[in-house]
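To keep things clear, I will list the structure first and then write my remarks on it.
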Amino acid sequence: MGDEHGEPVVDLQLDRAHSARIYDYMLGGKTNFLADRTAAGSVLAVFPAALVAARINREFTHRSTRDLARAGLRQFLDIGTGIPTPPNLHEIAQGVAPDARVVYTDNDPIVLAHAAALLRSTPQGRTAYLQADVTDPGAIVTAPQVLATLDLSRPVALSLNALMHFVPDGERNRAHEVVEELKAALPSGSALAMSHATADFSPEAMARISDIYAAAGTTVTYRTKAEFARFFDGWELWQPGITLPHQWRPDDPGDATHVTDAEAACYAAVARKP
């Protein structure tokens, strides 16, 4: 079915809570609706630090992107983009290197509906958007939008922030298989920046949050520190290694101590391909 111009109609399911819009609400965005705010309220009731956790995860994305650009990375592949909430990844990267190129990828029609906000590159750089699913990594790294924007024979910074906990393992370690396929497609000198929710510090609260997301049709799979570390197998972790998001190279040393482990409820790290 299409609209009067023949364009496909996107069903945004505004009457049902959605993980992307819940996260948008947590970050103070405006692309969310009553069902999303109600679900967010339920999360906050069992985990009052959810707003803090969302903010420090977003700040990790900004700092890791900035440091990758300062280290010379000029190509970025951001999978699981989510709803645009300025500053977006390309704004951070191009703030350091105006010629940086960024491809945003998400499988969500809600994000697609807002993708135009992501496509405002600097004149020297370039941005593109691809609607695809991380569970089909081959389709991502061979997509025309990716190949027209990024040179996969040169280093690429892969961003998988707050994404892989939405990929269940099933009968095998599918989430790790997916990340390994993406890593294999990138050349030496590439990098992986990643954050992931964990129940290591607040298992009861995290279990209740999982139930809230399940009611909205989204499966959440928490992983331990050891399981998170496996995503980086074969790559060289940057200092300070695997840590909590606010403890990864904070702009102010005091920022590393103002949030507890239980409030963060997330691991983060950046690694480089030898």
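For the sequence shown, position 189 (counting from the first letter as 1) is numbered 399 according to this note's numbering, and the numbering increases by one without interruption.
Where is the CB? At the ideal position from N, CA and C, for every residue including glycine.
Let me know if R311 comes out buried or exposed under the rule of 16 or more other beta-carbons within 10 Å of its beta-carbon. The Cβ neighbour count for R311, taken over all protein chains shown within 10 Å, is at least 16; the residue is labelled buried.
Three Cβ pairs or more, each shorter than 8 Å: is that satisfied between the stretch 273-285 and the stretch 303-318? yes
Count the other CB atoms within 10 Å of the CB of T467; is the residue buried (16 or more) or exposed (fewer)? exposed
Neighbourhood of E217 by C-beta distance below 8 Å, restricted to the same chain and skipping five residues each side: Here E217 scores only 47 on pLDDT, less than 50, and its place in the model should not be relied on; the value that follows carries that caveat. So no residue of the chain qualifies.
What are the residues that DSSP puts in a beta bridge with E446? R482.
Burial state of R268, where buried means 16 or more other Cβ atoms lie within 10 Å: buried
From the DSSP output, which residues share a beta bridge with Q341? D316
So what's Y423 in DSSP terms, helix, strand or just coil? helix
Using 8 Å as the cut-off, can you tell me whether the stretch 336-347 makes contact with the stretch 380-397, which would need three or more C-beta pairs spanning the two stretches below that distance? yes
Would a check of beta-carbon distances place M416 closer than 8 Å to chain B? Protein chains in the displayed structure number just one, and chain B is not present.
Could you check the C-alpha separation between G290 and T248 for me, to the nearest Å? 23 Å
To which residues does DSSP link S369 through a beta bridge? D288 and A403
Just grab the DSSP bridge partners of T453 for me. A478
Euclidean distance between Cα positions of L370 and M404: 5 Å
Short Cβ contact (8 Å threshold) for I302 with T241: No, they are not a contact pair.
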